[in-house]
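Student:
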Amino acid sequence: MGVVALVPAAGRGERLGYGMPKALVPVDGVPLLVRAVRGLFDSGRVRHVVIAAPPSDVDIVSTVTAPLAPADGAVHVVAGGAERSDSVRLALTYALREIPDTSIVLVHDAARAFTPPAVVGAVVDAVAAGHAAVIPVLPVADTVKQVDADGVVVATPDRAALRVVQTPQGFDAAVLLRAHEVAHHAGLGATDDAGLVERLGVPVVTVPGHPDAMKITTKFDLAVAEALLVGTRGAP
Ligand SMILES: Nc1ccn([C@@H]2O[C@H](COP(=O)(O)OP(=O)(O)OP(=O)(O)O)[C@@H](O)[C@H]2O)c(=O)n1
Ligand SMILES: C[C@](O)(CO)[C@H](O)COP(=O)(O)O
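Start counting the sequence shown at 221; every next residue gets the next number (the numbering used here).
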């Protein structure tokens, strides 16, 4: 059972506004991407990681992440694409071509840098148990409204049936490839890989996520991540 993690990390981080690709933004001196890749390897379930890097940063990303791999694995770096789905497709194509026995594929945002390794393990276990698509989720804490184009409320969904979606998302490799191929040929982009698999009619199952797997999108999120780190090691 070959588990390969794809890490889309080629985003510009415009909402964060740090002046560099978000994956390279340091938290306590360690880039988000390094933290995300370390978490994947720390799960003990991943041997190979394929990073889709900002095209101009492939060399620096390779240098910084190569030492993170275990002795029996490796970090591979490819140039990412214009949209997240392009980056995932490029990394997936590379993995299936270059890494033997790739049967289970995880897709994990570099921006979810603090995901506990136990969440990675739970996703891998569920795919290995026979589920073709697995996503970590959290319950919704707030009331959610559906609104029309004018912002007028049209419905109040039952939040007991709603979940917030995280990564890593885990897939049977052949199913994920088919989902991306179909979407690409149809000209469909999507930021959520499980959404592409849903379009194939393949069931997507859930496992518990974790609050620490939050996606760092804004300055507020970065401040929360920094506070989390201080909480982990104790305030000075
Ligand atoms: N063309 C892209 C766009 C996004 N991503 C990656 O997809 C993940 C989720 O994207 P998001 O958090 O929205 O990151 P950005 O696209 O960088 O954010 P922004 O929209 O603020 O620029 C990130 O790890 C990001 O690097 C990617 O690999 N390739
Ligand atoms: C995959 C994802 O992280 C699940 O929550 C999310 O869909 C990424 O979306 P974004 O628009 O690229 O932030």
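Note that CB positions come from ideal geometry on N, CA and C, so glycine has one too.
Can you grab the Cα-Cα spacing for the pair L449 / D432, in whole Å?
Tutor: Reading the sequence shown from its first residue, position 229 is the one you call residue 449. Reading the sequence shown from its first residue, position 212 is the one you call residue 432. Cα-Cα distance, rounded: 10 Å.
Student: Verify the contact flag: V329, CB atom, against every heavy atom of ligand 1, threshold strictly below 7 Å.
Tutor: For the purposes of this step, residue 329 is taken as the residue at position 109 of the sequence shown. Rather than Val, the amino acid found at residue 329 in this sequence is Asp. Yes, ligand 1 has a heavy atom inside 7 Å of this Cβ.
Student: Do you know whose CA, among R265, T322, T437 and A229, lies nearest V344's CA?
Tutor: If you number the sequence shown from 1, residue 344 lands on position 124. If we check each option's Cα against that of V344, R265 comes out closest.
Student: Suppose the cutoff is 7 Å on Cβ atoms and the five residues either side in sequence are ignored; what does the same chain contact list for R232 look like?
Tutor: Locating residue 232 in the sequence shown gives position 12, where the first residue counts as 1. Answer for R232: P241, listed in chain order.
Student: What do you reckon, is the C-beta of D441 under 7 Å from a heavy atom of ligand 2?
Tutor: As a working note, residue 441 is residue 221 in the sequence shown. Incorrect: D441 has no Cβ contact closer than 7 Å to ligand 2.
Student: Any contact between the stretch 311–331 and the stretch 387–395? By contact I mean 3 or more CB pairs, one from each, below 8 Å.
Tutor: Verdict: yes, contact present.
Student: To the nearest angstrom, how far is the alpha carbon of A289 from that of P228?
Tutor: Against the sequence shown, residue 289 aligns to sequence position 69. Against the sequence shown, residue 228 aligns to sequence position 8. Those two C-alpha atoms are separated by around 17 Å.
Student: Compute the distance between the beta-carbons of Q386 and L358, then report whether it is under 8 Å.
Tutor: Locating residue 386 in the sequence shown gives position 166, where the first residue counts as 1. Locating residue 358 in the sequence shown gives position 138, where the first residue counts as 1. Yes, Cβ-Cβ distance for Q386 and L358 is below 8 Å.
Student: Have a look at the DSSP bridge pairing and note the partners of P336.
Tutor: Counted from its first residue, the sequence shown places residue 336 at position 116. The partner list for P336 (beta bridge, DSSP) is empty, contrary to what the question assumes.
Student: Quick test of your reading: A272 and V308, contact by CB under 8 Å. State the CB separation rounded to the nearest angstrom.
Tutor: Along the sequence shown, read from residue 1 onward, the residue named residue 272 stands at position 52. Along the sequence shown, read from residue 1 onward, the residue named residue 308 stands at position 88. That pair is a contact at about 7 Å.
Student: Relative to the C-alpha of G237, which candidate in V298, F440 and A447 has its C-alpha closest?
Tutor: Numbered from 1 along the sequence shown, position 17 holds the residue referred to as residue 237. The option with the nearest alpha carbon to G237 is F440.
Student: Cutting at 7 Å between CB atoms, please list the residues of its own chain near E418, excluding the five before and the five after it.
Tutor: For the purposes of this step, residue 418 is taken as residue 198 along the sequence shown, with counting starting at 1. V424.
Student: Can you give the beta carbon distance from V253 to T283, rounded, assuming they're within the 8 Å contact cut?
Tutor: In the sequence shown, counting from the first residue as 1, residue 253 sits at position 33. In the sequence shown, counting from the first residue as 1, residue 283 sits at position 63. Checking the sequence shown, residue 253 turns out to be Leu, not Val. Contact flag wrong, Cβ pair sits at about 12 Å.
Student: Between T437 and ligand 2, is there a pair consisting of the residue's CB and a ligand heavy atom that are separated by less than 7 Å?
Tutor: The count along the sequence shown starts at 1 and reaches residue 437 at position 217. Checking every heavy atom of ligand 2 against the Cβ of T437, one is found closer than 7 Å.
Student: Could you give the first and the last residue of the continuous alpha helix (DSSP H) run that contains H404?
Tutor: Your numbering for residue 404 matches position 184 in the sequence shown. Element bounds for H404: A393 to H405.
Student: Please classify V364: is it buried, with 16 or more other beta-carbons within 10 angstroms of its beta-carbon, or exposed?
Tutor: For the purposes of this step, residue 364 is taken as residue 144 along the sequence shown, with counting starting at 1. Result: exposed.
Student: Please report the distance separating the alpha-carbon of H405 from that of A447.
Tutor: Translated into the one-based positions of the sequence shown, residue 405 becomes position 185. Translated into the one-based positions of the sequence shown, residue 447 becomes position 227. Their Cα atoms are separated by approximately 43 Å.
Student: What distance in whole Å lies between the Cβ atoms of T411 and R304, which are believed to be in contact at a cut-off of 8 Å?
Tutor: As a working mapping, residue 304 is identified with position 84 in the sequence shown. As a working mapping, residue 411 is identified with position 191 in the sequence shown. R304 to T411, Cβ: 5 Å. Contact.
Student: CB of R304 to nearest heavy atom of ligand 2: below 7 Å?
Tutor: The residue labelled residue 304 in the question sits at position 84 within the sequence shown. Yes, the Cβ of R304 comes within 7 Å of a heavy atom of ligand 2.
Student: Given R398, which residues of its chain have a CB within under 7 Å of its CB, disregarding the five upstream and five downstream residues?
Tutor: Counting from one through the sequence shown, the residue named residue 398 turns up at place 178. Correct list, in chain order: L420.
Student: Going by DSSP, name the residue or residues bridged to Q366.
Tutor: In the sequence shown, the residue the question calls residue 366 occupies position 146. Looking at the DSSP assignment, Q366 forms a beta bridge with A375.
Student: I'd like to check one pair, G293 with R267: are the Cβ atoms closer than 8 Å?
Tutor: By one-based count along the sequence shown, residue 267 stands at place 47. By one-based count along the sequence shown, residue 293 stands at place 73. For R267 and G293, yes; Cβs fall inside 8 Å.
Student: Starting from G222, trace the beta strand (DSSP E) both ways and give me its first and last residue.
Tutor: Along the sequence shown, read from residue 1 onward, the residue named residue 222 stands at position 2. Residues G222 to P228.
Student: Return the chain-ordered list of same chain residues with a C-beta closer than 8 Å to the C-beta of H296, the five sequence neighbours on each side being excluded.
Tutor: Locating residue 296 in the sequence shown gives position 76, where the first residue counts as 1. Contacts found: H268, V269, V270, I271, Y314, A315, E318 and I319.
Student: May I ask whether a heavy atom of ligand 1 can be found less than 7 Å away from the beta carbon of A243?
Tutor: Sequence index remark: in the sequence shown, residue 243 carries index 23 (1-based). Flag set: Cβ of A243 near ligand 1.
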